[in-house]
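Peer 1: The number in the working numbering is simply the position in the sequence shown, starting from 1, with 4 added.
Where is the CB? At the ideal position from N, CA and C, for every residue including glycine.
This structure is in structure tokens; I'll ask about it shortly.
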Amino acid sequence: MPNNVSYRFHRIFWSIYFALTIGVIGVVFGYILTFALYLTAFLLTPWQWASDRVRYLGEYVQCLAIRFLLKIQPWLRCDTNLHDIIGFYDRYKTRKIVFVANHRSNLDTFLLISYIPGLRGLAKRSLFYNILFAPFMMVAGFIPVEKGSPNSLMEGLKMMRDRILLRNRSVLIFPETTRCEKGFPSVNKFGSAFFSLAIESKALVVPLSIHGTDQVMGRGDLFIHPFQPVKIKLLPAVDASQYQDAVHLRDSVWGQVKAAL
């Protein structure tokens, strides 16, 4: 990866461009409009059918806004088999889905919520103080947890089960619990507690493999490295209701993700 003056200028320029476009599009569509739709859905809670339809609309608006935001990032080179937003869940016949991905960068969540509508999940609390990501994460309904705190993690998993999965909504988890080191060629071991959650909820587990985001914005990076290739792959679903042992489910999903990298 080059490190001359010209390349450093490009890193700073595209990082500022990214932050400014997030500030405009993110605030208007990802926060204000989406928040208004989610608030309306909440007020319509006594009428479940109407509430769900308005919430789905909010999820689609948010997803489309972030997708557009990423479309106008010339530095982003993302290859993926995730494309359709409207009708995304039709293939699964349910929204009670645990999406499982390896974790390489702070960009991972941002990219995934641009392709999969209505994603929610756990995120380290410090991200909620990051002006680039916080508005989307708060509106999307991500649950903050303290990094390195088992008690916070278990409480977050319980909230995710009760507030999201048992209401027939999808969640995103990174079962490595932290980002890998930059350039790590494989995937770290997954925690089994996340898969106990899937079994308890009788959810569908859908693995995703992420490659290259650590080269764009890895651990310790203040500015992005533009024009680095990124690949996100949607993998075959696994029915958690067919498993009684979280370790077996974990190993099956981990094997899929590792093989795809």
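(1) On a CA-only basis, which of 23, 236 and 68 is nearest residue 33? Give me that one, please.
(2) Relative to the C-alpha of residue 134, which residue among 104, 159 and 26 is closest?
(3) Compute the Euclidean distance between the alpha carbons of residue 57 and residue 203, then round it to the nearest angstrom.
(4) Does the beta-carbon of residue 240 have 16 or more other beta-carbons within 10 angstroms, so that it is buried, or is it exposed?
(5) Could you tell me which of 54, 48, 59 and 236 sits nearest to residue 39, measuring between CA atoms?
(6) What number of angstroms, rounded off, separates the C-alpha of residue 111 from the C-alpha of residue 221?
(7) For residue 15 and residue 149, I'd like the C-alpha separation in whole angstroms.
(8) List the DSSP bridge partners of residue 82.
(9) First and last residue of the beta strand (DSSP E) that includes residue 214?
(10) Taking the straight line between their C-alpha atoms, what separation do you get for residue 46 and residue 20?
(11) Compare the Cα-Cα distances from residue 126 to each of 36, 88, 168 and 250 and report the closest residue.
(12) At what residues does the alpha helix (DSSP H) containing residue 31 begin and finish?
(13) Quick check: the Cα distance between residue 188 and residue 17, rounded to an integer number of angstroms?
(14) Which runs of the beta strand (DSSP E) spanning at least 3 residues fall entirely within the stretch 80–135, listed in chain order?
(15) Counting only runs of 4+ residues fully inside the stretch 140–185, write out the alpha helix (DSSP H) ranges in chain order.
(16) So, using beta-carbon positions, are residue 101 and residue 234 closer together than 7 Å?
(17) Opposite residue 249 in the DSSP bridges: which residues?
(18) If I follow the unbroken alpha helix (DSSP H) through residue 244, where does it start and stop?
(19) Could you tell me the distance, in whole angstroms, from the CA atom of residue 248 to the CA atom of residue 200?
(20) Just how far apart, CA to CA, sit residue 66 and residue 84?
(21) Can you tell which of 170, 155, 166 and 151 has the C-alpha that lies nearest to the C-alpha of residue 178?
(22) Measuring only the C-alpha atoms, how far is residue 89 from residue 10?
(23) Would DSSP call residue 190 helix, strand or coil?
Peer 2: With the given structure in hand:
(1) 68
(2) Selected option, being the one with the closest Cα: 26.
(3) Cα-Cα distance, rounded: 27 Å.
(4) exposed
(5) Of 54, 48, 59 and 236, the residue nearest in Cα terms is 59.
(6) 7 Å
(7) Going from the Cα of residue 15 to the Cα of residue 149 covers about 31 Å.
(8) 234
(9) 208–215
(10) For residue 46 and residue 20, the gap between their C-alpha atoms comes out near 35 Å.
(11) 168
(12) Segment: none, residue 31 is in no alpha helix (DSSP H) and carries neither H nor E.
(13) Going from the Cα of residue 188 to the Cα of residue 17 covers about 27 Å.
(14) 81–84, 101–105 and 124–128
(15) 154–167
(16) Contact flag unset, no.
(17) None, per the DSSP bridge assignment.
(18) Taken as a continuous stretch (DSSP letters only), residue 244 belongs to no alpha helix (DSSP H), as it is neither H nor E.
(19) 9 Å
(20) 19 Å
(21) 151
(22) 37 Å
(23) coil
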